[in-house]
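Numbering (this note's numbering), first residue to last: 5 to 534. Ideal Cβ placement from N, Cα and C applies to all residues, glycine included.
Have a look at this one:
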């Protein structure tokens with residue numbers, strides 16, 4: 005079928021090589037979608053003239069144009085620059101003389117339902133940027149797909165399994181909808197995005213998707229918050245109207261449950277009879293508790309085990325070296341008040357390094373976390389985590405262990421010696437301590453370090469020397485200027501220098517720290533027992 009002049013004007017732009025100084029008239033095309041910016045994805049709008057395309061993305065924020073445009077407007081404009089990103093051709097610049105010929109043109113007439121389009125991936129060029137709708141089954145976990153975005157493989161009627169067919173969403177929308185593998189969704193009508201050979205069905209607004217179904221609700225975990233309360237965490241936000249406040253929907257062998265309350269979107273706090281500290285318990289949830297999609301509890305995932313409440317330990321980060329050869333980096337923690345570390349989590353940047361399980365520690369104990377513990381170089385004897393005592397796996401025998409510290413091994417690879425944000429959280433995700441680290445007094449900080457710093461600051465865990473916090477947070481130069489030096493100036497062996505606390509004080513700033521001779525398994529110079 006012959007294309008209309010409007011479609012031919014789009015095609016001419018798409019066939020023009022990348023470059024500036026152009027003058028390509030695109031005329032009488034309809035605005036099908038206006039996309040906000042997310043992450044590093046630019047805002048812009050899409051235009052199309054016929055149902056089967058072609059279509060063009062214009063990477064220009066419509067709010068910057070002197071003429072306001074809306075979805076359904078028929079417009080004419082001149083392209084001054086074309087570009088390509090990830091295989092997607094787009095207009096990078098247009099003249100600011102957009103003319104609107106008419107409003108409220110039918111966008112529905114341009115919409116293609118691609119449920120039965122077997123060539124959606126193989127003929128991706130023929131669909132890119134065109135307005136499409138589809139019923140999708142999510143067939144994989146969501147993973148990172150560019151700044152601020154996540155994506156998962158999906159199936160349509162015609163394409164049941166193709167790793168190059170994905171649903172890509174801004175992380176904020178994914179979190180709002182709480183989608184996961186097994187959910188079925190209907191995409192109402194958005195332009196088809198792409199990354200190289202991957203077709204990326206996309207939603208940039210929560211209203212672009214409707215959830216048809218999702219897997220049943222699951223019990224994810226249970227944690228004793230006190231000797232008479234237990235927090236039960238679920239896989240999705242709950243329909244609070246389905247919770248019986250008497251607690252009758254929950255049973256715990258050996259305990260009575262006398263109350264239940266919503267304590268978070270996906271959490272219920274139970275009131276129980278007095279628990280025996282350290283005793284193993286299992287909580288079971290009844291099937292009639294529902295999530296936001298009215299799903300009940302999956303009978304195969306309706307329970308979780310937890311240990312009776314033991315007073316949690318209070319722990320500080322005490323010593324760090326991220327400059328050791330082969331990535332055999334070390335982090336030492338110091339216990340300032342003894343108790344349970346079960347469920348405690350150690351992070352650097354936004355990376356979870358280790359989750360402590362079954363560990364109870366006395367005051368003044370030291371815990372030495374070995375990074376890259378899956379490496380034969382960093383863990384030649386394949387040592388496991390010590391829970392019964394610091395010399396459970398003694399050295400000699402285990403040459404990397406320190407007999408005066410509980411040795412734990414993280415399988416995460418060696419950490420960057422450029423910058424970091426080390427933090428220790430309780431089993432209830434309460435920050436106990438954090439430290440910002442850097443190699444330079446100025447410069448760009450990694451996004452993960454900045455996010456980790458923001459999390460630490462939000463919990464009151466880091467300030468400037470004067471107790472203030474920069475407006476806008478610890479970003480780039482402000483991160484470097486107020487973090488502890490000198491990550492890449494420490495020793496390249498465990499016996500070399502390290503970054504460590506210089507006293508018992510915890511002022512939550514760089515003044516607490518210095519680079520000195522390492523003292524793994526011993527309190528640092530200037531410290532005394534608590």
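- prompt: Could you check where the alpha helix (DSSP H) with residue 452 kicks off and where it finishes?
  reply: Here residue 452 refers to the residue found at position 448 of the chain shown. First-last of the alpha helix (DSSP H) with residue 452: 451–462.
task: In the DSSP assignment, find the alpha helix (DSSP H) that holds residue 195 and state where it starts and stops.
output: Numbered from its first residue, the chain shown carries residue 195 at position 191. Element bounds for residue 195: not the alpha helix (DSSP H) but the beta strand (DSSP E), 188–195.
task: In angstroms with no decimal places, state the Cα-to-Cα distance between residue 519 and residue 227.
output: For this step, residue 519 is matched to residue 515 along the chain shown. For this step, residue 227 is matched to residue 223 along the chain shown. The straight-line gap from Cα to Cα measures roughly 38 Å.
- prompt: Where do the ends of the beta strand (DSSP E) carrying residue 433 lie?
  reply: As a first step, residue 433 is located in the chain shown; it is residue number 429 there, counting from the start. It is not in any beta strand (DSSP E) - residue 433 carries neither H nor E in the DSSP assignment.
- prompt: What three-state label does DSSP hand residue 176 in the structure shown?
  reply: Counting from one through the chain shown, the residue named residue 176 turns up at place 172. In the displayed model, residue 176 falls within a helix according to three-state DSSP.
task: Figure out for me which residue from 474, 413, 31 has the closest Cα to the Cα of residue 482.
output: As a working mapping, residue 482 is identified with position 478 in the chain shown. Nearest neighbour of residue 482 by Cα position, chosen from 474, 413, 31, turns out to be 474.
Which of helix, strand or coil DSSP assigns to residue 212: Taking the first residue of the chain shown as position 1, residue 212 is located at position 208. Note: residue 212 maps to helix in three-state DSSP.
task: Compare the beta carbon distance of residue 354 and residue 455 with 7 Å and say whether it is the shorter of the two.
output: The residue given as residue 354 occupies position 350 in the chain shown. The residue given as residue 455 occupies position 451 in the chain shown. Cβ atoms of residue 354 and residue 455: closer than 7 Å.
- prompt: What is the DSSP secondary structure of residue 514, counted as helix, strand or coil?
  reply: Sequence index remark: in the chain shown, residue 514 carries index 510 (1-based). Here residue 514 sits in helix by DSSP.
- request: Might you give, ordered along the chain, the residues of its own chain that have their beta carbon closer than 7 Å to the beta carbon of residue 171, omitting 5 neighbours on each side?
  value: Working through the chain shown from its first residue, we reach residue 171 at position 167. Excluding sequence positions up to five before and after residue 171, its CB lies within less than 7 Å of the CB of 140, 142, 155, 156, 158, 205, all in the same chain and listed in chain order.
query: So what's residue 217 in DSSP terms, helix, strand or just coil?
result: As a working note, residue 217 is residue 213 in the chain shown. Strand.
field: Where residue 66 sits in the DSSP three-state scheme
entry: The count along the chain shown starts at 1 and reaches residue 66 at position 62. Looking at residue 66 - three-state DSSP - the assignment turns out to be helix.
Nearest residue (CA-CA) to residue 464, options 352, 512, 406, 11: On the chain shown, position 460 is the one that residue 464 refers to. Closest option to residue 464, Cα to Cα, is 512.
task: Measure the C-alpha to C-alpha separation of residue 310 and residue 117 and round it to an integer number of angstroms.
output: Counted from its first residue, the chain shown places residue 310 at position 306. Counted from its first residue, the chain shown places residue 117 at position 113. Residue 117 has its alpha-carbon roughly 48 Å from the corresponding atom of residue 310.
message: I need the boundaries of the alpha helix (DSSP H) containing residue 14, first residue and last residue.
response: Locating residue 14 in the chain shown gives position 10, counting from the first residue. Per DSSP, residue 14 belongs to the alpha helix (DSSP H) from 9–18.
- prompt: Leaving out the 5 sequence neighbours to the left and right, which residues in its chain are closer than 7 Å to residue 383 when beta-carbon positions are compared?
  reply: Taking the chain shown and counting its residues from 1, the one referred to as residue 383 is at position 379. These residues qualify, in order along the chain: 374, 377, 404, 413.
field: Residue interval of the beta strand (DSSP E) (run including residue 483)
entry: Translated into positions along the chain shown, residue 483 becomes position 479. In the DSSP assignment, residue 483 falls outside any beta strand (DSSP E) and lies within the alpha helix (DSSP H) extending over 481–486.
- prompt: Which residues does DSSP pair with residue 489 in a beta bridge?
  reply: For the purposes of this step, residue 489 is taken as the residue at position 485 of the chain shown. DSSP links residue 489 through a beta bridge to 442.
message: Taking the straight line between their C-alpha atoms, what separation do you get for residue 60 and residue 323?
response: Indexing the chain shown from 1 puts residue 60 at position 56. Indexing the chain shown from 1 puts residue 323 at position 319. In a straight line, the C-alpha of residue 60 is about 55 Å away from that of residue 323.
query: Pairing CB atoms from the segment 61–70 with CB atoms from the segment 92–99, are three or more of them under 8 Å?
result: Contact between the segment 61–70 and the segment 92–99 is present, with at least three C-beta pairs closer than 8 Å.
query: Which of the three DSSP states, helix, strand or coil, is assigned to residue 398?
result: Within the chain shown, residue 398 is the residue found at index 394, counting from 1. Look at residue 398 here: in three-state DSSP terms it is coil, with no helix or strand label.
task: Please determine, among 187, 114, 505, the residue with the shortest C-alpha to C-alpha distance to residue 215.
output: The count along the chain shown starts at 1 and reaches residue 215 at position 211. Closest by alpha carbon: 187.
task: Say whether chain D places a C-beta atom closer than 7 Å to the C-beta of residue 181.
output: Absence of chain D from the displayed structure is noted, only one protein chain being present.
- prompt: Can you tell me the Cα-Cα spacing of residue 251 and residue 114, whole angstroms?
  reply: The residue given as residue 251 occupies position 247 in the chain shown. The residue given as residue 114 occupies position 110 in the chain shown. Rounded to the nearest angstrom, the two C-alpha atoms are 53 Å apart.
- prompt: Just checking my contact of residue 2 with residue 77 at CB under 8 Å: how many whole Å lie between their CB atoms?
  reply: This structure cannot settle anything about residue 2, because the visible part of the chain is limited to 5 through 534.
- request: Starting from the N-terminal side, write out each stretch of the beta strand (DSSP E) that is 3 residues or longer and does not extend beyond the segment 355–420.
  value: Counting whole runs of 3 or more residues, the segment 355–420 contains the beta strand (DSSP E) stretches 355–359, 370–374, 410–413.
- request: Ignore the nearest five residues each way along the sequence and tell me which others in residue 521's own chain have a CB closer than 7 Å to its CB.
  value: In the chain shown, residue 521 corresponds to position 517, counting from 1. Around residue 521: 501.
message: Bridge partners for residue 321 per DSSP, in chain order?
response: In the chain shown, counting from the first residue as 1, residue 321 sits at position 317. Looking at the DSSP output, residue 321 sits in a beta bridge with 337.
task: Please work out which residues of its chain come closer than 8 Å, Cβ to Cβ, to residue 246, disregarding the five sequence neighbours upstream and downstream, and give them in chain order.
output: As a working note, residue 246 is residue 242 in the chain shown. Once the five neighbours on either side are set aside, the close Cβ partners of residue 246 are 292, 293, 294.
- request: Output yes or no for whether 7 Å exceeds the beta carbon distance between residue 379 and residue 296.
  value: Start at 1 with the first residue of the chain shown, and residue 379 comes out as number 375. Start at 1 with the first residue of the chain shown, and residue 296 comes out as number 292. Cβ distance not < 7 Å, so residue 379 and residue 296 don't count as in contact.
query: Do the segment 387–399 and the segment 488–501 make contact, defined as three or more Cβ pairs closer than 8 Å?
result: Cβ pair count under 8 Å is below three, so no.
- request: Just the C-alpha distance for residue 133 and residue 284, rounded to the nearest angstrom, thanks.
  value: Taking the chain shown and counting its residues from 1, the one referred to as residue 133 is at position 129. Taking the chain shown and counting its residues from 1, the one referred to as residue 284 is at position 280. Using only the alpha carbons, I get a separation of about 55 Å.
task: Compute the distance between the beta-carbons of residue 525 and residue 363, then report whether it is under 7 Å.
output: As a working mapping, residue 525 is identified with position 521 in the chain shown. As a working mapping, residue 363 is identified with position 359 in the chain shown. Taking 7 Å as the Cβ cut-off, residue 525 and residue 363 do not qualify as a contacting pair.
task: Give the single residue among 288, 268, 249, 298 whose Cα lies nearest to the Cα of residue 275.
output: For the purposes of this step, residue 275 is taken as the residue at position 271 of the chain shown. It is 249.
- request: Tell me, to the nearest whole angstrom, how far the beta carbon of residue 347 is from that of residue 399; I am working on the premise that it is less than 8 Å.
  value: As a working mapping, residue 347 is identified with position 343 in the chain shown. As a working mapping, residue 399 is identified with position 395 in the chain shown. Residue 347 to residue 399, Cβ: 28 Å. No contact.
task: Report the three-state DSSP secondary structure of residue 227 (helix, strand or coil).
output: Numbered from 1 along the chain shown, position 223 holds the residue referred to as residue 227. Residue 227 carries a strand assignment under DSSP once its states are collapsed to helix, strand and coil.
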